[in-house]
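Reading through the structure tokens given below for one structure.
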Amino acid sequence: MKTINKLKLPIVLLLASSILYAIHYQLFHDFHHVAFYLMEDLAFIPIEVIFVSLIIHKAIEDQEREKIREKTNVLVSVFFSEAGNGLLKELISSDDEIHSLKSIIEENVHFSPKELKVMRDGLNNHSYKLNLDSDDLCSIKDMIASHKGFILNLIQNPHLIEHDGLTDLILAMLHLIEELGARKDLDAASREDVEHLTGDVERVYSRLAKEWLSYMGYQKKEYPFLFSFATRSNPFSDENNIEF
Numbered sequence: 002m003k004t005i006n007k008l009k010l011p012i013v014l015l016l017a018s019s020i021l022y023a024i025h026y027q028l029f030h031d032f033h034h035v036a037f038y039l040m041e042d043l044a045f046i047p048i049e050v051i052f053v054s055l056i057i058h059k060a061i062e063d064q065e066r067e068k069i070r071e072k073t074n075v076l077v078s079v080f081f082s083e084a085g086n087g088l089l090k091e092l093i094s095s096d097d098e099i100h101s102l103k104s105i106i107e108e109n110v111h112f113s114p115k116e117l118k119v120m121r122d123g124l125n126n127h128s129y130k131l132n133l134d135s136d137d138l139c140s141i142k143d144m145i146a147s148h149k150g151f152i153l154n155l156i157q158n159p160h161l162i163e164h165d166g167l168t169d170l171i172l173a174m175l176h177l178i179e180e181l182g183a184r185k186d187l188d189a190a191s192r193e194d195v196e197h198l199t200g201d202v203e204r205v206y207s208r209l210a211k212e213w214l215s216y217m218g219y220q221k222k223e224y225p226f227l228f229s230f231a232t233r234s235n236p237f238s239d240e241n242n243i244e245f
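In terms of the working numbering, the sequence shown opens at residue 2 and continues consecutively.
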């Protein structure tokens with residue numbers, strides 16, 4: 002039925018065109034003139050196709066892609082506001098080697114393209130090794146479990162697939178939630194189990210830190226008023242002051 006409905010419009014348009022050409026011939030009896038303009042119109046069709054398919058379609062596609070990108074970055078902003086910043090700050094507190102990375106980030110407070118590159122290099126070279134015990138894992142479990150509903154709703158958003166970094170991070174977090182939830186008593190966890198869970202936490206930590214930098218770069222470029230608040234709630238800073 003849908004196929005038939007789609008065929009109706011081109012059939013009607015072809016009939017209308019044929020009728021108009023027939024009327025033209027009946028009025029002027031000039032077949033040469035009709036044939037000339039018919040061929041001219043047919044010759045122009047490929048140009049019209051190029052114009053519509055390549056230029057207009059690309060413009061519409063770019064506009065749609067930009068809308069999706071904006072919606073995706075809204076998701077990233079909501080994620081860090083609701084869960085990301087708090088979790089990142091918690092994990093940073095268990096990183097014994099964080100001082101050098103903190104220094105890099107605190108020295109590049111303007112998040113210019115050059116500074117972003119310096120910070121990105123610092124994040125890429127960081128070890129992300131955490132010193133965790135069963136108490137730390139219990140604290141992380143409680144924190145991340147409190148956001149489980151939010152995370153599950155987030156991953157159902159169709160725009161999430163447009164953001165590979167956030168998708169990987171959410172999947173790592175869901176895996177961590179599953180691993181931590183499967184332990185009945187973390188206080189009784191063996192050393193080997195603590196090491197295994199620490200590896201899962203470190204996976205989340207590295208993805209979270211790198212995604213945070215991308216988020217900050219986008220905020221600086223597109224939303225200066227949001228960036229201002231984001232810098233004042235910087236999880237890498239020991240002297241956060243939300244108030245001016």
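Where is the CB? At the ideal position from N, CA and C, for every residue including glycine. Since the structure is predicted, the reported quantities are computational estimates derived from the model, not experimental observations.
Near N109, which residues of its chain fall below 6 angstroms by C-beta distance, leaving aside the five closest residues on each side in sequence? E116, V119 and M120
Continuous alpha helix (DSSP H) assignments of at least 4 residues falling wholly in the segment 72-136: 86-93, 99-108 and 114-126
Give the C-beta separation of M144 and E91 to the nearest angstrom, bearing in mind that I take them to be a contact with Cβ-Cβ under 8 angstroms. 6 angstroms
Spatially closest choice to D186 from D239, S140 and V202, by CA coordinates: S140
Indicate the three-state DSSP secondary structure (helix, strand or coil) for S147 in the structure shown. coil
Spell out a yes or no on whether the segment 70-81 and the segment 204-222 are touching, meaning 3 or more CB-CB pairs, one atom from each, closer than 8 angstroms. yes
Please state the DSSP three-state secondary structure of D186. coil
Unbroken alpha helix (DSSP H) run spanning E203, endpoints: R192 to E223
Any heavy atom of the ligand PLP closer than 7 angstroms to the Cβ of S207? Ligands are entirely absent from the displayed structure, and the ligand PLP is therefore not among its contents.
Flag this pair as yes or no: are the beta carbons of L88 and L209 separated by less than 8 angstroms? yes
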